[in-house]
Amino acid sequence: MKVLANIAAQNEKCANAIASSEWLQRLATMISMDSLEENLLAEKVCINALSALSNTGVHLETDVYQLYRSEEEPAIDIIFIHGLRGGVFRTWRAKDDPTNLPRTRCWPRSWLPNDVSVPVRILALDYASSLLHFRGAVQTLASRSRRFQNQLHAAGVGTRPVVFVGHSMGGLLVKRLLLDDVGLLRKTIGILFIATPHRGSPFAHYARFAVRPADDVIMLSLQNETNKKLHEDFLKICSPIPVICSMAETEEAPLILNRKGVLVPSESAYFEIGPLYHIRDIHHNICKPAGPDDNAYKVILQFLHDVIFYLKKKQWQPQENYLK
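Here the UniProt record's numbering is used: the sequence shown runs in plain steps of one and ends on residue 324.
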């Protein structure tokens, strides 16, 4: 289905071929299925086909998914980026419920459209990551940033104000992206760092027990020089972003070797600009509110309300002097 989405984006001829084939009924069936992955993949094919037919030049490439788009022209783009070993189809679900009550598979898609006061487009980036290094090309923050820049531009990101929400290593990717893309930095109006290890994680201390720890894990070592420089460099350029907020977990989670601990302690999740909210939950669940009344969701929603307030009342305009 990912291949079909790429084919649909190629040109009008490809889009027409899909629309006039048996794929059209298959896509309609997938969109109505009770599977987030099937829904998003089928919607991506349709979005790309419609884009090719209307010649807008905007399409969704491999790692970009549209979770929601208002019928009105969106006022902002909200972009979610998951962390290490996460994924667009699982990171943003509601917290798992031991009573097996129905839970949303994607709360940004289910809740946010009704809870924000302006029309929005909600996107999510997806990428592979691992705790161990296997054969093949090594993916780094820098290589992912280069790939994401091109894909976000293809999706039309940068034509309106942008808001980023990054969980764990996703927050580090946000910083790398904005350091590498000044144009995107100028359009960024808000960042929410959810349990982002700005100064590393004690979990990475145990990486030495692994045969071949992945570069992502090594970079998360406490006071790792690459991560330290990323943070220092980002602090130099981020002050014009009007709304920055951070969240930190407080509860211990299972690690390895039968140990438990806070994966990203408050001192690492702390960002020098904006408020820091402590959430009584573990690292894995801090991005998975149980419902709209969950404290984590209240913080996320307040952050977005602050962004919208600034957008409306302050008449925010992109800055032109970030690096001057």
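Backbone N, C-alpha and C fix where the C-beta goes; we use that ideal spot for every residue, glycine too.
- Remark: C-beta atoms of Asp126 and Gly87 approach each other more closely than 8 angstroms.
- Exposed is the label assigned to Pro275, since fewer than 16 other Cβ atoms lie within 10 Å of its Cβ.
- In this structure, DSSP gives Pro161 a state outside helix and strand, which the three-state scheme calls coil.
- In the structure shown, Ser246 falls within a strand segment according to DSSP collapsed to helix, strand and coil.
- Assignment of Ile47 by DSSP, reduced to helix, strand and coil, places it in the helix class.
- The segment 242-252 and the segment 297-314 touch, with three or more beta-carbon pairs separated by less than 8 angstroms.
- Between Gly190 and Val217, the CB-CB gap reaches or exceeds 8 angstroms.
- Between the segment 74-82 and the segment 167-175, the count of Cβ pairs shorter than 8 angstroms is three or higher; the stretches touch.
- Contact between Phe203 and Leu263 holds: CB atoms are separated by about 5 angstroms, below the 8 angstroms threshold.
- By the neighbour-count criterion, in which a residue is buried when 16 or more other Cβ atoms sit within 10 angstroms of its Cβ, Asn11 is exposed.
- The residue among Met1, Ser35, Asp34, Asp96 with its C-alpha nearest the C-alpha of Leu24 is Met1.
- Below 8 angstroms, too few C-beta pairs join the segment 21-35 and the segment 53-68 to call them touching: fewer than three.
- Looking from the CA of Pro113, the closest CA among Thr159, Tyr68, His231, Arg93 belongs to Tyr68.
- For Arg90, there is no enclosing alpha helix (DSSP H), since its DSSP letter is neither H nor E.
- Secondary structure at Phe234: helix, using DSSP grouped into helix, strand and coil.
- Ranked by how close their Cα comes to the Cα of Ala8, the residues Leu40, Asp180, Cys46 have Cys46 in first place.
- In summary, Ala195 is buried, with 16 or more beta-carbon neighbours lying within 10 Å of its beta-carbon over all protein chains present.
- Sequence-distant Cβ neighbours of Glu72 in its own chain, meaning closer than 6 angstroms and more than five residues away, are Pro119.
- Rounded to whole angstroms, Ile237 and Met219 show a C-alpha spacing of 22 angstroms.
- For Ser32, the number of other beta carbons within 10 angstroms of its own is below 16, and it is reported as exposed.
- According to the DSSP assignment, Val120 belongs to the beta strand (DSSP E) that extends over 120-125.
- In the three-state reduction of the DSSP assignment, Asp77 falls in the strand class.
- Assignment of beta-bridge partners to Arg69 by DSSP yields Arg121.
- Here His153 carries a helix assignment [DSSP, helix/strand/coil].
- Cβ-Cβ separation between Gln149 and Asp181: approximately 5 angstroms, consistent with a contact (criterion under 8 angstroms).
- Taking C-alpha positions only, Ala253 is separated from Ala214 by approximately 21 angstroms.
- In the three-state reduction of the DSSP assignment, Thr104 falls in the coil class, being assigned neither a helical nor a strand state.
- Excluding sequence positions up to five before and after Gly158, its CB lies within less than 8 angstroms of the CB of Leu152, Gly183, Leu184, Lys187, all in the same chain and listed in chain order.
- Collapsing the DSSP output to three states places His278 in a strand.
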